[in-house]
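Residue numbers (the working numbering): 6 to 92.
Idealized CB from N, CA, C, for every residue including glycine.
These numbers were taken from a predicted model, which means no experiment stands behind them.
Working notes, beginning with the structure itself.
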Amino acid sequence: MRKFLEIRDWSPGYLNVTPQHVTIIALCKACGASREFDRNGVPANLRHALIADIERRLKCSSCGAKAGRLRFGSYVEGQNEKRRLPG
Ligand SMILES: [Zn+2]
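This is the structure in structure tokens:
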């Protein structure tokens, strides 16, 4: 099963400078729900926004709380498997 591995204590600062290979997860601090954040679904006026500004606008689809946090990292396959990425 895929596991999300967060880059600890790191934020790109702005959404538009987040490398494409970095997976963004939106996490609700109120209920713990998390889902993949679709950077292409962000309104045009927020594409160059600060990550902190985007976090302030996140609303949880499960509980409705505005307690969103963005986590950055990547999915890994299991614990000891290291997969070579194509290209
Ligand atoms: Zn929630």
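Residue i Cβ short of 7 Å to ligand 1 heavy atom set
i: Ala-31; result: no
i: Ser-67; result: yes
i: Ala-70; result: yes
i: Ala-38; result: yes
i: Ala-35; result: yes
Which of helix, strand or coil DSSP assigns to residue i
i: Gly-78; result: strand
i: Ile-59; result: helix
i: Arg-40; result: strand
i: Ala-106; result: Not covered by the structure: residue 106. The range shown for the chain is 6 to 92.
CB of residue i within 8 Å of CB of residue j, strictly
i: Glu-60; j: Gly-73; result: yes
i: Asn-21; j: Arg-62; result: no
Residue of the options minimising C-alpha distance to residue i
i: Thr-28; options: Cys-36, Arg-7, Lys-34; result: Arg-7
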